[in-house]
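Under the working numbering, think of the first position of the sequence shown as 3, with each following residue one higher.
To start, the structure under review is shown below, and the notes come after it.
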Amino acid sequence: MRDKQKAVRVGIVGLGTVGGGAFRLLSENADEIARRTGRPIVVSHVGARRDNPQCLTGSVRVSRDVFDVVHDPDIDIIVEVMGGTTTAREVVTQAILQGKHVVTANKALLAEHGNEIFALAEKQGVYVAFEAAVAGGVPIIKVLREGLAANRIEWLAGIINGTGNYIMTEMLEKGRDFYEVLKEAQSLGYAEADPSFDVEGTDAAHKLTILASLAFGIPLQFKKVYTEGITRLTAEDVAYASELGYHIKHLGIARRTQQGIELRVHPTLIPEARLISNVHGVKNAVLVVSHPVGPTLYYGAGAGAGPTASAIVADLVDVARAMAEGAGSRVPHLAFQPDALDDTRVLAMDEVCTAYYLRLQANDRPGVLAEVTRILSQHGISIEAILQKAAHAAGRVPVILLTKVVQEAAMNAAIAEIEALEDILDHVVRIRLENLDA
Ligand code: HSE
């Protein structure tokens with residue numbers, strides 16, 4: 003009966019790790035997918051500039067010009083998995099204008115141009131689905147858009163870049179070389195085409211932009227995300243943090259405050275007892291605190307062919323089902339109705355309040371620590387813990403301080419004064435600290 007129903011015809015644009023994974027999954031799990039969808043989903047056209055030896059396309063039509071797929075009148079849904087924001091933007095725009103639905107894994111495209119893309123899709127009555135854009139195989143988009151639809155979301159914090167978490171785990175916790183681990187992440191298909199997006203935090207900022215819109219009902223505002231990567235983290239800080247009972251993780255944080263919304267990506271100390279503190283390797287996790295449900299945590303593989311294909315195919319099933327319904331009954335792209343998005347202000351990083359880990363290199367002389375604590379106290383900064391280590395060669399003493407929550411502007415001013423002290427050598431290392439208690 004099911005086999006006699008008309009198949010949904012899919013065109014895949016891009017046949018790299020993700021496109022190849024989706025192609026294979028649609029074939030491997032074809033029966034199960036058809037049982038869930040009520041009709042088969044078949045790939046009938048692939049657009050790829052080159053072949054992928056990991057993905058044999060058999061008798062499926064392959065075009066070198068990706069726009070041949072977009073303009074193929076037999077295609078119902080375009081899966082855009084080529085990445086980037088130039089040709090991919092044109093592919094998605096053209097597909098929407100042709101009345102085709104789109105499934106995309108492209109977080110950069112949505113974070114930077116999503117407002118226009120969704121507006122165009124709504125006008126054309128088509129759907130743009132993007133579960134694979136954030137946290138790989140973890141269905142966090144569905145959670146925020148549907149599962150938590152009854153809640154007021156207060157904040158979320160996530161490890162949302164698998165490559166970065168993999169590098170931090172292997173390099174900082176196992177002592178391996180940065181470039182060796184990065185190369186491995188590339189060969190496993192985790193890293194972005196430009197891996198600086200992973201290690202400088204841009205990829206996490208793209209994903210946080212999307213999560214914050216879904217959580218708070220605000221437009222996508224990538225340019226307002228404060229972004230710091232992992233390249234300056236040292237094994238020394240990881241070890242000191244651990245002595246104090248914390249792990250360092252690269253987090254994306256979005257929080258609703260009375261003054262506005264915080265959007266920030268940076269390395270963060272987290273108490274080691276928190277579940278999210280123990281998320282290692284390529285795994286991602288997103289902690290969402292909302293009312294009335296309280297804290298909920300979502301965990302799984304954040305990158306790689308299989309997990310990302312899982313999200314893409316889930317979207318295909320959703321879109322295929324929705325094709326049978328009217329456009330009015332669809333879940334809105336950004337969770338809230340398009341005319342109900344808020345223009346709540348996004349805070350500048352200076353206005354954000356958080357606790358801090360500071361590491362200073364001080365000359366081993368009486369009174370230096372007293373000077374430092376005087377400056378902190380003048381800026382209203384309370385100290386939570388102090389750790390002074392034995393002097394290095396040349397009489398340098400590493401001093402580690404944990405502070406209570408303070409506004410970033412006050413901390414910036416205090417750090418500038420501390421760095422100006424004659425007995426403080428080098429820059430002060432500052433890593434933000436979040437207790438993540440709900
Ligand atoms: N480069 C990304 C990551 C791929 O490592 O998380 C998944 O979005």
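Even glycine gets a Cβ: it sits at the ideal position worked out from N, Cα and C.
Looking only at GLY254, VAL321, GLY85, the smallest Cα-Cα distance to ARG266 is reached by GLY254. Per DSSP, THR298 is one residue of the beta strand (DSSP E) stretching across 296–303. The residues GLY139, VAL140, in chain order, have a CB closer than 6 Å to that of GLY302 in the same chain once the five nearest residues on each side in sequence are set aside. In this structure, the C-beta of PHE180 stays at least 8 Å away from each heavy atom of ligand 1. Beta-bridge pairing by DSSP links LYS285 to ALA303. In this structure, ASP439 keeps its C-beta atom at 9 Å or more from the C-beta atom of VAL370.
As a beta-bridge residue in DSSP terms, LYS251 pairs with THR270. Proximity of the beta carbon of GLU194 to ligand 1 is indicated: a heavy atom of the ligand is located closer than 8 Å. With a threshold of 16 other beta carbon atoms within 10 Å, TYR242 meets it and is buried. Here ILE220 carries a coil assignment [DSSP, helix/strand/coil]. Annotation: the continuous beta strand (DSSP E) that includes ASP428 extends over 426–435. The beta carbons of VAL44 and VAL20 sit about 19 Å from each other, so the pair does not count as a contact at 8 Å.
Of the other Cβ atoms in all chains shown, 16 or more fall within 10 Å of the Cβ of GLU230; this residue is therefore buried.
Using a cutoff of 8 Å, the CB of ASP425 does not count as near ligand 1, since none of the ligand's heavy atoms is closer than that. Taken from the Cβ of THR59, every heavy atom of ligand 1 lies 8 Å or farther away.
Note on geometry: alpha-carbon atoms of HIS429 and VAL321 lie some 52 Å from one another. According to DSSP, HIS47 shares a beta bridge with GLY13, ARG63. Distance check between PRO340 and each of MET173, PHE120, THR405 places PHE120 closest, using alpha-carbon atoms only. By the criterion of a C-beta distance shorter than 7 Å, HIS381 is surrounded in its chain by ALA412, ALA415, ALA416, once the five residues flanking it on both sides are discounted. CA-CA distance, ARG51 to TYR192, rounds to 21 Å.
Judged by DSSP secondary structure, GLN390 falls within the beta strand (DSSP E) whose first and last residues are 385–390. Residue range 103–106 is occupied by the beta strand (DSSP E) that includes VAL104.
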